[in-house]
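One structure is given here, and the rest of the page talks about it.
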Amino acid sequence: MADQRELVVPKEKQLVTVYLLGGDTIEGNIFLEYNPDARTLHQKMMAFLENKNAFFPLSSGHTPEFISMSAVRMVEVHNPEDEAAFNIMHVELVTVIFRDGAQVSGDLLADVPDQRRRLSDCLNLTGRFLCTRAYGKVCYISKQAILKVITAAK
Numbered sequence: 004m005a006d007q008r009e010l011v012v013p014k015e016k017q018l019v020t021v022y023l024l025g026g027d028t029i030e031g032n033i034f035l036e037y038n039p040d041a042r043t044l045h046q047k048m049m050a051f052l053e054n055k056n057a058f059f060p061l062s063s064g065h066t067p068e069f070i071s072m073s074a075v076r077m078v079e080v081h082n083p084e085d086e087a088a089f090n091i092m093h094v095e096l097v098t099v100i101f102r103d104g105a106q107v108s109g110d111l112l113a114d115v116p117d118q119r120r121r122l123s124d125c126l127n128l129t130g131r132f133l134c135t136r137a138y139g140k141v142c143y144i145s146k147q148a149i150l151k152v153i154t155a156a157k
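No gaps in the numbering here: position 73 of the sequence shown is 76 in this note's numbering, and each next residue is one more.
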């Protein structure tokens with residue numbers, strides 16, 4: 004009979020702040036599953052956010068809470084400054100306006116080839132979340148929570 008520890012999938016803890024629709028925030032650890040194709044923090048976060056699970060555990064104390072993915076407005080990643088992958092992406096300065104009127108301004112980060120660097124291309128990438136950076140913080144914004152995106156004039 005297999006020991007229970009042998010059946011556990013290795014996971015990596017990542018401290019985040021989850022911003023929920025309605026304005027509440029929760030800080031805690033999410034658990035990123037081992038994925039041999041995901042080498043960078045960005046790839047691991049995208050795999051976590053884009054999976055098809057309706058709920059995810061957030062450990063902010065002794066008892067984990069299970070958060071509905073559809074209730075998430077934005078996920079802020081703590082300590083992403085070591086992540087070189089964020090520096091090689093296409094950057095577009097934007098302001099994101101949420102359905103409730105709240106705003107976030109910063110850099111929209113997109114891993115796109117040169118021929119797909121228009122803002123519309125970056126916004127219409129497959130997936131439910133956009134990656135942004137502002138004041139050294141990396142955030143993943145739910146596309147469902149967005150009313151509109153305004154680009155900064157060049």
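Just so it is clear, CB atoms sit at the ideal spot from N, CA and C, and this is done for glycine as well.
Because the structure is a prediction, the values reported are computed rather than measured.
field: Contained beta strand (DSSP E) runs [length at least 3] in the region 34-105, N- to C-terminal order
entry: The region 34-105 contains these whole beta strand (DSSP E) runs: 58-61, 68-71, 75-80 and 93-101.
- prompt: Roughly how many whole angstroms lie between the Cα atoms of I100 and I153?
  reply: Here the question's residue 100 lines up with position 97 in the sequence shown. Here the question's residue 153 lines up with position 150 in the sequence shown. If you take the alpha carbons of I100 and I153, they lie about 8 Å apart.
- prompt: Under the DSSP definition of a beta bridge, which residues are partnered with R216?
  reply: This structure cannot speak to residue 216, because the chain is shown only from 4 to 157.
From L61, V97, L44 and M48, residue whose alpha carbon lies closest to that of T28: Against the sequence shown, residue 28 aligns to sequence position 25. Among L61, V97, L44 and M48, the Cα nearest to that of T28 is on L61.
- request: Please say whether L111 and L2 have beta carbons closer to each other than 8 Å?
  value: Because the chain in this structure spans residues 4 to 157, residue 2 falls outside the shown range and cannot be described.
task: Would you mind reading off the limits of the alpha helix (DSSP H) that contains L122?
output: Along the sequence shown, one-based indexing puts residue 122 at 119. Counting along the chain, the alpha helix (DSSP H) containing L122 begins and ends at L122 to L126.
Beta-ladder partner(s) of K185, from DSSP: The shown model of the chain, from 4 to 157, leaves out residue 185, and the question about it has no answer.
- prompt: Is M37 near V78, with beta carbons less than 8 Å apart?
  reply: Here the question's residue 37 lines up with position 34 in the sequence shown. Here the question's residue 78 lines up with position 75 in the sequence shown. The displayed chain sequence assigns Tyr, not Met, to residue 37. Not closer than 8 Å, so no.
- request: Out of G139, V97 and V75, state which residue places its alpha-carbon closest to the alpha-carbon of Q147.
  value: On the sequence shown, position 144 is the one that residue 147 refers to. Across the set G139, V97 and V75, the C-alpha of V75 shows the shortest separation from the C-alpha of Q147.
message: Quick check: E15 and R131, are their CB atoms within less than 8 Å of each other?
response: Here residue 15 refers to the residue found at position 12 when the sequence shown is read from its first residue. Here residue 131 refers to the residue found at position 128 when the sequence shown is read from its first residue. Going by beta carbons, E15 and R131 fall outside the 8 Å limit.
message: Here's a check: name, in chain order, each residue in its chain whose Cβ is nearer than 6 Å to the Cβ of V80, leaving out the five neighbours to either side.
response: As a position in the sequence shown, residue 80 is number 77, starting the count at 1. Within the same chain, Cβ atoms closer than 6 Å to the Cβ of V80 are found at V19 and V141, the five residues on either side in sequence being excluded.
- request: State buried or exposed for L44, treating a residue as buried only when at least 16 other CB atoms are found within 10 Å of its CB.
  value: As a first step, residue 44 must be located in the sequence shown, where it is residue number 41. Around the C-beta of L44, 16 or more other C-beta atoms lie within 10 Å, and the residue is accordingly described as buried.
task: Please list, in chain order, all residues of the same chain as V107 whose beta carbon is under 6 Å from its beta carbon, the five residues on each side excluded.
output: Here residue 107 refers to the residue found at position 104 when the sequence shown is read from its first residue. For V107, where only same-chain residues beyond five positions count, the Cβ hits under 6 Å are V99.
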